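>
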Amino acid sequence: MNGKKDVLYTTKIDPQALGYEATKKVLKESLEKAKSIGYIDLVLIHAPRGDTEKRLGSWKALEEAVQSGDVKDIGVSNYEIEHLQELLENPNLKIKPSINQLEVQPWFTREKLIAFNKKAGIEVEAYSPLTRGKKLDDKELVELGKKYGKSPAQILIRWSIDKGYIPLPRTTKEKRLEDNFDVFDFKLSEGDIKVLDGKDENLRSRDI
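Take 1 as the starting number for the sequence shown in the UniProt record's numbering and just add one per residue.
1) Using only alpha-carbon positions, find the residue among Lys-150, Lys-94, Ile-45 that is nearest to Glu-80.
2) In this structure, how does DSSP classify Glu-125 when only helix, strand and coil are distinguished?
3) Closest by CA to Lys-134, which one among Ala-153, Ile-122, Lys-147?
4) Given that a residue counts as buried once 16 or more other Cβ atoms are within 10 Å of its Cβ, and exposed if not, what is Ser-36?
5) Would you call the segment 56-72 and the segment 110-127 in contact, with 3 or more CB pairs under 8 Å?
6) Using only the alpha-carbon positions, how far apart do Leu-196 and Glu-32 sit?
7) Quick one: complete alpha helix (DSSP H) runs, 4+ long, within the segment 102-147?
8) Does Val-195 come out as helix, strand or coil in the three-state DSSP assignment?
9) Pick from Arg-206, Glu-140, Leu-177, Arg-176: whose alpha carbon is nearest that of Lys-199?
10) Using DSSP with H/G/I as helix, E/B as strand and the rest coil, what is Gly-164?
11) Could you give the uninterrupted runs of the alpha helix (DSSP H) lying entirely in the segment 30-69, keeping only those of 4 residues or more?
12) Specify the secondary structure class of Val-26 as computed by DSSP and reduced to three states.
13) Who are the Cβ neighbours of Tyr-39 in its own chain at under 7 Å, not counting the five residues just before and after it?
14) Once you ignore the five residues that flank Ile-161 on each side, which residues in its own chain have a CB closer than 6 Å to its CB?
15) Do you know how far the Cα of His-83 is from the Cα of Val-76?
16) Would Ala-34 pass as a contact of Asn-78 if the rule is Cβ separation under 8 Å?
17) Nearest to Lys-118 by CA position, among Thr-131, Arg-132, Asn-100, is which residue?
18) Could you have a look at Asn-2 and say whether DSSP puts it in helix, strand or coil?
19) Rounded C-beta distance between Arg-158 and Lys-194? I'm assuming under 8 Å.
20) Measure the alpha-carbon distance for Asn-2 versus Glu-178 and round it to whole angstroms.
21) Cutting at 7 Å between CB atoms, please list the residues of its own chain near Thr-11, excluding the five before and the five after it.
Right, dumping it as structure tokens:
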């Protein structure tokens, strides 16, 4: 890494902080923590809890933070189609979300939701791309790892990239972090992508 330009500072608005005033307060606190940087790269609404008024109020607060220069980009997390429609059809919308952070992996492909995001021009950031380890011993996944000379985890990260998602694997171990980045020297074939696509069983690896 080479300083701040290599780091994307992201924070979230938790469900209990939804609503215009509550979100303004959280943003002020987050900016105070980030004062050495001077701004926040990305702020996401963590989940579409509460009612429409609170969700849209939070979004208005985020838009104002972008307009003031305190925040560079804004998005959402765990938004289903109905929540995205609520936001995109809001007549007062000034800035549409750039990202929807979702759990997406071969056993939880969410094709309709992904297609909606794509049509709306919203990037998909895929969290839990490694299924929280629940499927790393899948026979076909292991075989693909052998075929490409990669680990099952690296195959899953590459699947996310080849599908056009932004994978967000989580680790606290330096070696695994290095391994997670070692996925740019190969691509999965269309056939192998289809093999993984075919594993969908609506399996969410974590609750939100």
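Note that beta-carbon positions come from the ideal geometry of N, C-alpha and C, so glycine has one too.
These numbers were taken from a predicted model, which means no experiment stands behind them.
Taking the geometry as given:
1) Ile-45
2) strand
3) Ala-153
4) exposed
5) no
6) 44 Å
7) 111-120
8) helix
9) Glu-140
10) coil
11) 52-68
12) helix
13) Gly-69, Asp-70, Val-71, Lys-72
14) none
15) 10 Å
16) no
17) Asn-100
18) Summary for Asn-2: the model assigns pLDDT 45, below 50, so the residue's position carries little reliability, and this model does not support an answer.
19) Not confirmed; about 14 Å, so no contact.
20) With a pLDDT of 45 at Asn-2, under the threshold of 50, the predicted position of this residue should be treated as unreliable, though the coordinate-derived value follows. Approximately 16 Å, taken between the alpha carbons.
21) Ser-30, Ile-40, Val-43
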